[in-house]
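Let me begin by presenting the structure, written as structure tokens, before commenting on it.
There are 2 protein chains.
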Amino acid sequence: MTELPFDPYRRACPSRTVLDRVADRWTVLVVGALEGGPLRFSHLTQRVDGVSQKMLTQTLRGLERDGLVRRTVHAEVPPRVEYELTDAGRAALEPLRALERWTLEHAGEVLAAREAYDARNG
Amino acid sequence: MTELPFDPYRRACPSRTVLDRVADRWTVLVVGALEGGPLRFSHLTQRVDGVSQKMLTQTLRGLERDGLVRRTVHAEVPPRVEYELTDAGRAALEPLRALERWTLEHAGEVLAAREAYDARNG
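Here the protein sequences come in this chain order: A and B. Read in order, the letters of the first sequence correspond to residues 0 to 121 in numbering that gives the first Met the number 0. Read in order, the letters of the second sequence correspond to residues 0 to 121 in numbering that gives the first Met the number 0.
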């Protein structure tokens, strides 16, 4: 047993399903939106503009299942439900923010490349 | 016009489609596989174990279209086709490797959380 027994380059390695959780557009945006602290569902839909209720529900459930997000129901009337990052979720912030930064820095270049490609191959 | 006019949190921002390109399991693995230098299609299928021909073709075409990968046809008989990272692709390596590292470091914890969640909610 080595210290890092996982290898997502092997087809049967379960780490590939873990990679799927973070290598995902909605994970990047939802985890990023939770950086500042706990948020309610309705605030998340505002922050992550255009996300459907279904997609946000699915993303939050996946993140909760994988231990990146904690869902807390506060015993109030009506009950208040909040979502916040766990330690593992907080640890994912750095690489996810790095991906977001790359996206912001290279979006112009990528969109130009895309346009040129389509002009050549249209 | 600010220096970074893109914002993937806005629904209509085209940077969201750029984020889609990198926040993707196969992008992580294919770009990672190309770190060492140009590879042929057949070598990539070996390196990224289990990727289907169709999925690899689609991933490489997307990466080429977006300017992260360069496809070169060497004039030999038979022609040799190689894929390599462009500068933008190389710049994406760091955040993608960081995501891969997070995955390796947290896979055990995530898989345990998943199992516990399923036991509670099964």
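Ideal Cβ placement from N, Cα and C applies to all residues, glycine included. None of these values were measured; they are calculated from a predicted model.
Cross-chain neighbours of residue i in chain A, by beta carbon under 8 Å
| i | result |
| --- | --- |
| glycine 81 of chain B | What sits at residue 81 of chain B in the sequence shown is glutamate, not glycine. Those within 8 Å of glutamate 81 of chain B in chain A number zero; the least Cβ separation is about 18 Å. |
| valine 17 of chain B | Thr102, His105, Ala106, Val109 and Leu110 |
Range of the contiguous beta strand (DSSP E) that encloses residue i
| i | result |
| --- | --- |
| tyrosine 116 of chain B | No beta strand (DSSP E) holds tyrosine 116 of chain B; the alpha helix (DSSP H) holding it covers 86-120. |
| valine 68 of chain A | 68-73 |
Boundaries (first-last residue) of the alpha helix (DSSP H) holding residue i
| i | result |
| --- | --- |
| alanine 32 of chain A | 24-32 |
| valine 17 of chain A | 14-21 |
| leucine 62 of chain A | 52-64 |
| arginine 9 of chain A | Note, arginine 9 of chain A: premise wrong, no alpha helix (DSSP H); not H, not E. |
| leucine 43 of chain B | 40-46 |
Under 8 Å between C-beta atoms of residue i and residue j
| i | j | result |
| --- | --- | --- |
| leucine 38 of chain B | glutamate 81 of chain B | yes |
| glycine 137 of chain B | glutamate 93 of chain B | Since the displayed chain B opens at 0 and closes at 121, residue 137 of chain B lies outside it and no answer follows. |
| phenylalanine 5 of chain B | leucine 55 of chain A | no |
| histidine 105 of chain A | alanine 11 of chain B | no |
| alanine 118 of chain A | aspartate 23 of chain B | no |
| glycine 88 of chain A | leucine 67 of chain A | yes |
| glutamine 52 of chain A | threonine 44 of chain A | yes |
Candidates the options, of which the one nearest residue i by Cα
| i | options | result |
| --- | --- | --- |
| glutamate 108 of chain A | B/Ser14, B/Tyr8 and B/Pro7 | B/Ser14 |
| arginine 9 of chain A | B/Cys12, B/Ala11, B/Arg9 and B/Ala32 | B/Ala32 |
| threonine 85 of chain B | B/Pro78, B/Trp101, B/Val76 and B/Arg64 | B/Arg64 |
| leucine 110 of chain A | B/Gly49, B/Lys53 and B/Gly61 | B/Gly61 |
| glutamate 34 of chain B | B/Arg69, B/Glu114, B/Pro78 and B/Gly49 | B/Arg69 |
Partners in chain A for residue i, counting only beta-carbon separations shorter than 9 Å
| i | result |
| --- | --- |
| glutamate 93 of chain B | Ala97 and Trp101 |
| arginine 46 of chain B | Tyr8 |
Beta-carbon neighbours of residue i, restricted to chain B and to distances below 7 Å
| i | result |
| --- | --- |
| leucine 28 of chain A | Pro7 and Tyr8 |
Chain-ordered neighbours of residue i on chain B, where CB pairs are closer than 8 Å
| i | result |
| --- | --- |
| proline 13 of chain A | Ala106 and Leu110 |
| glutamate 63 of chain A | Tyr116 |
| alanine 87 of chain A | His105, Glu108, Val109 and Ala112 |
Contact set between residue i and chain A, taken where Cβ atoms lie within less than 7 Å
| i | result |
| --- | --- |
| valine 21 of chain B | Leu98, Trp101 and Thr102 |
Are the segment 21-28 of chain B and the segment 16-29 of chain A touching by the rule of at least three beta carbon pairs closer than 8 Å?
Yes, since at least three Cβ pairs between the segment 21-28 of chain B and the segment 16-29 of chain A fall closer than 8 Å, the two stretches touch.
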